[in-house]
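Visitor:
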Amino acid sequence: MSFPLYAPADEHDMLRETVRALADEKIAPRAAEADEAEEFPWDVYKALVAADLHAIHIPEQYGGAGGDALAAVIVIEEVARACASSSLIPAVNKLGTVPIMLSASEELKQQYLPAVARGDAMFSYALSEPEAGSDAAGMKTRAVRDGDHYVLNGTKMWITNAGVSEYYTVMAVTDPSAGARGISAFVVEKSDEGVSFGPKERKLGIKASPTRQVILEDVRIPESRLIGEPGTGFKTALATLDHTRVTIAAQALGIAQGALDYAVKYVKERRQFGQAVADFQGVQFMLADMAMKLEAARQLTYHAAAKSELAMNGEPQKDLTFLSSAAKCAASDAAMEITVDAVQLLGGYGYTKDFPVERMMRDAKITQIYEGTNQIQRMVMARQLLK
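Here my numbering runs 260 ahead of the position in the sequence shown, where the first position is 1.
So this is what it looks like as structure tokens:
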């Protein structure tokens, strides 16, 4: 009796080697400096574009690499192992474009996906608002029809890579009487008249990826930039998150792996009481628990990625919502615990900026918060179980 091994394909392993080599050479050496300066790493972006790793998920018919969902996970994971901020380049490009891939007209796909595939533009996602975070359906941004155009007014909050991305998937209310069914999705361009950005948020982590408000003041866009039918925007937003929560899980895995790798190397070299710190059983048990949590989260994430890929290819997966929430929640909780333990294992050195684990600990925290807090993920999972 034979069956295919429950494991990534050879192509995925080769991809991991490629990304890791690039990350070790071009991304890791810049990570501390980019974090300190709080500057978007354009050189890293160019390196990712040159290697076709900045938006690997875009299908070949739009000029993309046509990578599957697991390939996207591996790219994000390996980049995040070196620099969490940089991993938001492939992650947010996917977040911004999945609504188009799921719901947009062929014309809109042809209009926007090739530019992202070429590396000419990045694509951000604008759902949250100052008063509508976890309760995203409570948004106030309005899109009012005016002939064959829509006029958008409102403020979007916590938008990753705002100001550096050229394009934005924006959710706005087109029918205030219809609740969540009155929300529509649009493509807004940075160059559209009336689009501006708030100041950069001063954050705990992922500092080299700008987070800003996107402010829309009488932004007039053609009806052709509507993603899907009017009133389907919130449905598209939720369907998108089923796929992209898996990319946040991937980011969390990478951060945790970077911290674990550094801690293992450190305790083997550091000596106390006449022996390597790694020889102490208490330390060994910590390392074992860190690695166990990480591998459990990784297997769940890869399983969710496989389901995401099937769903993107038109095979509905009834457990995708549960699995993507579970992966995001498990991986981000694991990343927080593992990075805290890595700081502990380095002792006083772990608390200083001379070593990367303090940055990894700060970066890990956001993975428990964005794309749906882990409290929301638990609600999502419970609803799926109780259906």
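Positions of the beta carbon are idealized from the N, C-alpha and C atoms, including for glycine.
1) What residue range does the beta strand (DSSP E) around Asp478 cover?
2) Quick one: grab the DSSP three-state call for Lys416.
3) Closer than 8 Å by C-beta to Lys560: which residues in its own chain qualify, once you throw out the five before and the five after it? Chain order, please.
4) Whole angstroms is fine: what's the gap from Met572's alpha carbon to Leu330's?
5) Under the rule that 16 or more other beta-carbon atoms within 10 Å means buried, what is Tyr202, buried or exposed?
6) Within its chain, find whatever has a CB closer than 7 Å to the CB of Gln644; leave out the 5 residues flanking it on each side and keep chain order.
7) Which residue wins for smallest C-alpha separation from Arg290, given the options Lys467, Ser437 and Asp521?
8) DSSP three-state label for Phe383, please.
9) Among Met431, Pro268 and Pro459, which one has its Cα closest to the Cα of Phe656?
10) Assuming Leu412 and Val448 are in contact, meaning their beta carbons sit under 8 Å apart, how far apart are those beta carbons, in whole angstroms?
11) With burial defined as no fewer than 16 other Cβ atoms inside 10 Å of the residue's Cβ, what is the status of Met596: buried or exposed?
12) Run through DSSP, which three-state label would Thr492 get?
13) At which residues does the alpha helix (DSSP H) containing Ser345 begin and terminate?
14) For the beta strand (DSSP E) that contains Arg402, what are its first and last residues?
15) Among the candidates Lys647, Pro350 and Leu362, whose CA atom is the shortest distance from the CA of Ala499?
16) By alpha-carbon positions, which one of Met620, Gly356 and Gly491 ends up nearest to Ile598?
17) Quick check on Ile636: does DSSP put it in helix, strand or coil?
18) Distance check for Arg485 and Gly379, CA to CA, integer angstroms please.
19) Run the CB neighbour count on Ala342, radius 10 Å, all protein chains shown included, and call it buried at 16 or more, exposed below.
20) When the Cα atoms are used, what is the spatial distance from Arg276 to Glu299?
21) Mind reading off the beta-carbon distance from Pro268 to Tyr522? Whole number of angstroms is fine, and I expect it under 8 Å.
22) Relative to the alpha-carbon of Thr319, which residue among Ala351, Val333, Glu296 and Pro374 has its alpha-carbon at the smallest distance?
23) What residue range is occupied by the uninterrupted beta strand (DSSP E) comprising Ser456?
24) Where Val335 and Arg462 are concerned, what is the direct C-alpha to C-alpha distance, given to the nearest angstrom?
25) Determine whether the beta carbon atoms of Ala381 and Glu453 lie at a separation below 7 Å.
26) Enumerate in chain order the residues of its own chain whose CB-to-CB distance from Leu464 is below 8 Å, with the five nearest sequence positions on each side excluded.
27) Here's a check: name, in chain order, each residue in its chain whose Cβ is nearer than 6 Å to the Cβ of Val537, leaving out the five neighbours to either side.
28) Applying the criterion that 16 or more other CB atoms from any shown protein chain within 10 Å of the CB defines a buried residue, is Gly439 buried or exposed?
Guide: According to the structure data:
1) Locating residue 478 in the sequence shown gives position 218, where the first residue counts as 1. Counted as a single uninterrupted DSSP element, the beta strand (DSSP E) harbouring Asp478 occupies residues Thr471 to Pro482.
2) By 1-based counting over the sequence shown, the position of residue 416 is 156. Reduced to three states, the DSSP call for Lys416 is strand.
3) On the sequence shown, position 300 is the one that residue 560 refers to. In the sequence on display, residue 560 carries Leu and not Lys. Once the five neighbours on either side are set aside, the close Cβ partners of Leu560 are Ala509, Leu583, Ala586, Ala587, Ala590 and Ala591.
4) The residue labelled residue 572 in the question sits at position 312 within the sequence shown. The residue labelled residue 330 in the question sits at position 70 within the sequence shown. Those two C-alpha atoms are separated by around 12 Å.
5) Here the chain has residues from 261 to 647 only, and residue 202 is not among them.
6) Taking the sequence shown and counting its residues from 1, one reaches residue 644 at position 384. Excluding positions up to five away in sequence, the list reads Thr581 and Phe582.
7) Within the sequence shown, residue 290 is the residue found at index 30, counting from 1. The residue with the shortest Cα to Cα distance from Arg290 is Lys467.
8) Here the question's residue 383 lines up with position 123 in the sequence shown. It is a strand residue.
9) The question about residue 656 has no answer, for the chain in this structure spans 261 to 647.
10) For the purposes of this step, residue 412 is identified with residue 152 of the sequence shown, where counting begins at 1. For the purposes of this step, residue 448 is identified with residue 188 of the sequence shown, where counting begins at 1. Indeed, because the Cβ distance is near 7 Å, the residues count as touching under 8 Å.
11) Taking the sequence shown and counting its residues from 1, one reaches residue 596 at position 336. With 16 or more Cβ atoms within 10 Å of its Cβ, Met596 is classed as buried.
12) Looking up residue 492 in the sequence shown gives position 232. Reduced to three states, the DSSP call for Thr492 is coil.
13) Indexing the sequence shown from 1 puts residue 345 at position 85. Element bounds for Ser345: Ala344 to Ser363.
14) Locating residue 402 in the sequence shown gives position 142, counting from the first residue. Annotation for Arg402: the continuous beta strand (DSSP E) segment containing it runs Arg402 to Asp406.
15) Your numbering for residue 499 matches position 239 in the sequence shown. If we check each option's Cα against that of Ala499, Leu362 comes out closest.
16) What you label residue 598 is simply residue 338 of the sequence shown in a count that begins at 1. For Ile598, the nearest C-alpha among the options comes from Met620.
17) Taking the first residue of the sequence shown as 1, we reach residue 636 at position 376. Secondary structure at Ile636: helix, using DSSP grouped into helix, strand and coil.
18) Taking the sequence shown and counting its residues from 1, the one referred to as residue 379 is at position 119. Taking the sequence shown and counting its residues from 1, the one referred to as residue 485 is at position 225. Each residue's alpha carbon lies about 21 Å from the other.
19) If you number the sequence shown from 1, residue 342 lands on position 82. Classification for Ala342: buried.
20) Position 16 of the sequence shown, counted from the first residue, corresponds to residue 276. Position 39 of the sequence shown, counted from the first residue, corresponds to residue 299. Near 26 Å, if we compare the C-alpha coordinates of Glu299 and Arg276.
21) To locate residue 268, count along the sequence shown from 1; it is residue 8. To locate residue 522, count along the sequence shown from 1; it is residue 262. With a Cβ gap of about 24 Å, Pro268 and Tyr522 do not count as contacting.
22) Here residue 319 is taken as the residue at index 59 of the sequence shown, counted from 1. In the sequence on display, residue 319 carries Pro and not Thr. Ranking the options by Cα distance to Pro319, first place goes to Pro374.
23) Translated into positions along the sequence shown, residue 456 becomes position 196. Note, Ser456: beta strand (DSSP E), Val455 to Phe457.
24) Taking the sequence shown and counting its residues from 1, the one referred to as residue 335 is at position 75. Taking the sequence shown and counting its residues from 1, the one referred to as residue 462 is at position 202. If you take the alpha carbons of Val335 and Arg462, they lie about 27 Å apart.
25) Numbered from its first residue, the sequence shown carries residue 381 at position 121. Numbered from its first residue, the sequence shown carries residue 453 at position 193. With a cutoff of 7 Å on beta-carbon distance, Ala381 and Glu453 are scored as not near each other.
26) Here residue 464 corresponds to residue number 204 of the sequence shown, with the count starting at 1. These residues qualify, in order along the chain: Arg622, Lys625 and Ile626.
27) For this step, residue 537 is matched to residue 277 along the sequence shown. Excluding positions up to five away in sequence, the list reads Val527, Arg530 and Val543.
28) Translated into positions along the sequence shown, residue 439 becomes position 179. Exposed.
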